[in-house]
Amino acid sequence: MSERQTIDARGSFCPGPLMELIARIKQAEVGDELEVLSTDEGSANDIPEWVKKVGHEMVESFQNGDVWHVVVRKSK
Amino acid sequence: MKILIVGGGMGGTILANNLAHRLKHELKQGKAQITMLSASDRHMYQPGLLYVSIGRMATDALYREQTSLLEPEIEFHVDPVTTFTLDQNQVTTQSGKTYGYDMLVIATGSRAMPETIPGLAENSVNCYTEANAIEMWRQVREFQGGTVTIAVGVPHKCPMIPLEVTFVLHDYFKERGILDKVKFQYTYPIGRIHSLAPVGEWAKGEFDRLGIQYETLFNMKEVDGANKVVHSEEGTQSHYDLLVAVPPHKGMAVIEENGLGQSGWIPTDRHSLKMEGRDNVYVLGDTTNLPISKAGSTAHFEAEALAENLAAIVKLGEPVRDYDGKVFCFIEAGSDRATYAMFNYNQPPAPKPPNRAVHWFKMAYNQLYWASARGLL
């Protein structure tokens, strides 16, 4: 059954939110959603760029206070 | 108060010694006890493996006897833990013994797992174990020219290694006089050439100056050894004659086998370093699932904060500080130059241009490390 996992990458400069997502998405099942929490505004751009190139699916992206929430669905 | 430390790497060793210094009187009076369980009687200086892989350090310089690094009050056993029974505050070891505790610290570290990418282990070199560093040096020494491809898996220990290994190999082939026969192809998983944006900007300028080619958004999918090609998850490919890998890492198998954390990473509170859901279990270094660098300095600064807190719990009954996410990484930049990046959860890094003084300090730190492990630096 598909599920949503949270990746709390707030305050992560290295390896950073996208790298955290790449590491975790490998362990997820196809159909799972991963929600990245990031305090780096660059995540709102660099995560969708990678998701598009690799062939996963963007679900949503929004800002809540200082935190960006980027939700990705594993597609393959 | 029984404090049990599982793991004798950098984090566990600094923690044990720092605690022994802070709890000197309590240890003497029998009010505190520190026990360490490790898988090895030797302690390895892991950053030295980079130098072994380019023939600049002998392997015996990597090691010290673990007992020579520990304060005499610390009870030490080479007897790795096989079972964690956290509800009963005890662990069981390979020899079949059971150890109880009042406070448990898990610092078992991580391991490179090239076998998790098809074809990678058998077709690449890396510098993450002694045997692999020696094999890398053999292949580097015998390399006569062609494309050197650097490929990076995630997560990985030591975030500066992809850049450092590129720069030191560039230096090495230049010194050998065959640089004109060597092409460098650097690949990196995200959209710049290093996770730290200012480091990536600086390194891009260096790569352009040195003629090092790079491809970003490149995550290894599989290696075709017959055709000497690395395929990426993003659908691209990179040819190699020598494939230098930074393999993806996992935590130790015992962590996952005991259900403590997926892939061997234990869910950990970023400030208290407590294992999530547990009041008397703490996690250090690579073993945490924190979104910070898996690096020796991370383990070092976490160990200092945790030692202060555990000693305060023994003396006062409660902790006194938070870990702030501090990390400090040297960056070898080639040509006998180096710089560093220092940051925490709130302060981004602002690395300075590399210089010779930092390089020579790093060389000195390769020796000073042993004082650091003893909790003296």
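If you read the sequences in order, they're chains A and B.
Every number in my numbering is 5 more than the matching position in the first sequence, counting from 1.
Every number in my numbering is 86 more than the matching position in the second sequence, counting from 1.
Idealized CB from N, CA, C, for every residue including glycine.
Amino acids of chain B, ordered along the chain, whose beta-carbon sits closer than 8 Å to that of residue i
i	result
Ala14 of chain A	Pro377
Met24 of chain A	Val240, Pro241, Pro275, Ile276 and Ser281
Terminal residues of the beta strand (DSSP E) in which residue i lies
i	result
Gly420 of chain B	Val413 to Gly420
Tyr302 of chain B	It is worth fixing the name first, because residue 302 of chain B is Thr in this sequence and not Tyr. No beta strand (DSSP E) holds Thr302 of chain B; DSSP gives it neither H nor E.
Ile236 of chain B	Gly232 to Val238
Thr179 of chain B	Gln176 to Thr179
Leu265 of chain B	Looking at the DSSP string, Leu265 of chain B is not in any beta strand (DSSP E), and its letter there is neither H nor E.
Arg78 of chain A	Val72 to Arg78
Val330 of chain B	Leu328 to Val332
Glu228 of chain B	Not the beta strand (DSSP E): Glu228 of chain B falls in the alpha helix (DSSP H), residues Glu216 to Glu228.
Thr425 of chain B	Arg423 to Phe429
Ala14 of chain A	Arg9 to Ala14
Leu123 of chain B	Gln119 to Ser124
Lys88 of chain B	Lys88 to Val92
Lys336 of chain B	His335 to Gly337
Interface residues of chain A facing residue i [CB-CB closer than 8 Å]
i	result
Pro464 of chain B	This structure gives no information on residue 464 of chain B, because the portion of chain B shown stretches from 87 to 463.
Pro245 of chain B	Cys19 and Pro20
Gln348 of chain B	Gln32
Contacts of residue i in chain B (Cβ-Cβ under 7 Å)
i	result
Asp51 of chain A	Ile276 and Gly277
Lys58 of chain A	Leu303 and Glu320
Euclidean distance between Cα positions of residue i and residue j
i	j	result
Ala28 of chain A	Val240 of chain B	5 Å
Trp456 of chain B	Trp446 of chain B	17 Å
Val167 of chain B	Asn366 of chain B	17 Å
Ile341 of chain B	Thr169 of chain B	9 Å
Asp173 of chain B	Asp188 of chain B	12 Å
Lys360 of chain B	Phe229 of chain B	47 Å
Pro53 of chain A	Met63 of chain A	7 Å
Ser458 of chain B	Pro284 of chain B	28 Å
Ala393 of chain B	Leu105 of chain B	5 Å
Ala49 of chain A	Thr11 of chain A	16 Å
Ser379 of chain B	Pro405 of chain B	24 Å
His280 of chain B	Gly47 of chain A	14 Å
Glu208 of chain B	Gln225 of chain B	13 Å
Gly263 of chain B	Lys183 of chain B	57 Å
Phe253 of chain B	Ile247 of chain B	10 Å
Asn103 of chain B	Val92 of chain B	14 Å
Arg150 of chain B	Leu39 of chain A	43 Å
Lys448 of chain B	Ser318 of chain B	34 Å
Tyr326 of chain B	Thr145 of chain B	28 Å
Pro180 of chain B	Tyr258 of chain B	For the record, residue 180 of chain B in the displayed sequence is Gln; it is not Pro. Spanning the two alpha carbons is a distance of roughly 43 Å.
Glu261 of chain B	Glu159 of chain B	49 Å
Lys79 of chain A	Glu8 of chain A	11 Å
Met96 of chain B	Met130 of chain B	9 Å
Val369 of chain B	Val268 of chain B	43 Å
Leu328 of chain B	Thr44 of chain A	38 Å
Lys314 of chain B	Met338 of chain B	31 Å
Leu249 of chain B	Tyr272 of chain B	9 Å
Glu362 of chain B	Asp310 of chain B	41 Å
Thr99 of chain B	Leu396 of chain B	15 Å
Arg356 of chain B	Gly411 of chain B	7 Å
Leu265 of chain B	Thr322 of chain B	26 Å
Leu303 of chain B	Arg227 of chain B	30 Å
beta-carbon residue i near the ligand ADP non-hydrogen atom, thresh 7 Å
i	result
Met87 of chain B	This structure simply doesn't include the ligand ADP, nor any ligand for that matter.
The alpha helix (DSSP H) enclosing residue i, as first and last residue numbers
i	result
Ile399 of chain B	Gly382 to Leu402
Ala106 of chain B	Met96 to Arg108
Trp456 of chain B	Arg442 to Ala459
Asn69 of chain A	Premise fails: Asn69 of chain A lies in the beta strand (DSSP E), Glu62 to Asn69, not in any alpha helix (DSSP H).
Tyr368 of chain B	No alpha helix (DSSP H) contains Tyr368 of chain B, which is instead part of the beta strand (DSSP E) from Val367 to Val369.
Ile52 of chain A	Ser48 to Val59
Val35 of chain A	That residue, Val35 of chain A, is in no alpha helix (DSSP H); it is neither H nor E in DSSP.
Ser154 of chain B	Gln152 to Leu155
Leu206 of chain B	Leu206 to Asn209
Neighbouring residues, chain A, relative to residue i (Cβ below 9 Å)
i	result
Val413 of chain B	Phe18 and Cys19
Within chain B, partners of residue i - CB distance below 9 Å
i	result
Trp55 of chain A	Pro275, Ile276, Gly277, Leu303, Asn305 and Glu320
### Query
Does the count of Cβ pairs from the stretch 106-118 of chain B and the stretch 52-64 of chain A closer than 8 Å reach three?
no
### Message
When you compare the stretch 182-192 of chain B with the stretch 277-295 of chain B, are there three or more beta-carbon pairs, one atom per stretch, that lie closer than 8 Å?
### Response
no
### Query
Of the residues that make up the stretch 421-448 of chain B, which ones have a beta carbon closer than 9 Å to any beta carbon in chain A?
Ala427, Phe429, Asn430, Tyr431, Asn432, Gln433, Pro434 and Pro435
### the stretch 234-248 of chain B in contact with the stretch 15-32 of chain A per 3-pair CB rule at 8 Å
yes
### Message
When you compare the stretch 380-392 of chain B with the stretch 413-430 of chain B, are there three or more beta-carbon pairs, one atom per stretch, that lie closer than 8 Å?
### Response
yes
### Query
So does the stretch 33-46 of chain A actually touch the stretch 296-315 of chain B, counting three or more Cβ pairs closer than 8 Å?
no
### Query
Per the contact definition of three or more C-beta pairs closer than 8 Å, is the stretch 373-380 of chain B in contact with the stretch 346-358 of chain B?
Yes, they touch.
### Query
For the stretch 301-312 of chain B, which residues have a beta carbon sitting closer than 7 Å to at least one beta carbon of chain A?
Leu303 and Asn305
#### Entry: Cβ pair count under 8 Å reaching 3, the stretch 136-153 of chain B against the stretch 396-413 of chain B
no
### Message
Quick test of the definition: if touching needs 3 or more C-beta pairs under 8 Å, does the stretch 68-78 of chain A touch the stretch 125-141 of chain B?
### Response
no
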